[in-house]
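> Have a look at this one.
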Amino acid sequence: MTTKGEYNHIEIAADDVDRAKRFYGTVFGWTFEGMADFPDYFLYRAGPGGLGGAIGLRNVSAPSAIRNYITVESIDAAIPLVEANESSVVHDKAEVPGFGWYAVVNDSEGNEIGLWEMPPSA
């Protein structure tokens, strides 16, 4: 069994969120939208294809480095595949209320990636 997935969210860690927003806004034309329940975390869209993510305060509202999220049909099905393929779970499955679920794993080379599962109605 495989878990098919595609990138859906790239989370950028920043020491100074306002400075990072200025950089990405000026260089790439991105705009940002805050999230009421997530201080120091701002969503962006990177062009018409819809791929986007967020800029967050490093080690507070975002991880210490860039984290790419991949959509999977089921995190519960993906975790055993991760563990059976020379990798490990960094953060167990958790809910983002109203949005979906995520987990964080290492790939076989030690790179941290996020898994994202949409709610059934999405």
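One point on numbering: in our numbering, the residue at position 121 of the sequence shown is 262, and numbering is uninterrupted.
Note that beta-carbon positions come from the ideal geometry of N, C-alpha and C, so glycine has one too.
#1: Which runs of the alpha helix (DSSP H) fall wholly inside the region 194–240 and span at least 4 residues, in chain order?
#2: Have a look at Trp242 and Tyr210 and give me their C-alpha separation to the nearest angstrom.
#3: Does the beta-carbon distance from Gly193 to Glu152 come in below 8 Å?
#4: Measure the Cβ-Cβ separation of Ile207 and Ala244 and say whether it is below 8 Å.
#5: Just the C-alpha distance for Glu258 and Glu214, rounded to the nearest angstrom, thanks.
#6: According to DSSP, is Asp159 helix, strand or coil?
#7: Using only CA atoms, which one of Phe183, Gly188, Pro260 and Gly175 lies nearest to Pro238?
#8: Measuring only from the beta carbon, is Ala235 closer than 7 Å to any heavy atom that is part of the ligand HEM?
This is what the structure holds:
#1: The qualifying runs are 216–225.
#2: About 11 Å.
#3: Cβ distance not < 8 Å, so Gly193 and Glu152 don't count as in contact.
#4: Judged by their CB atoms, Ile207 and Ala244 are not nearer to each other than the 8 Å cut-off.
#5: Going by the C-alpha atoms only, they are around 6 Å apart.
#6: For Asp159, the three-state secondary structure derived from DSSP is helix.
#7: Nearest of Phe183, Gly188, Pro260 and Gly175 to Pro238, Cα basis: Pro260.
#8: Among the components of this structure there are no ligands whatsoever, and the ligand HEM is therefore not found.
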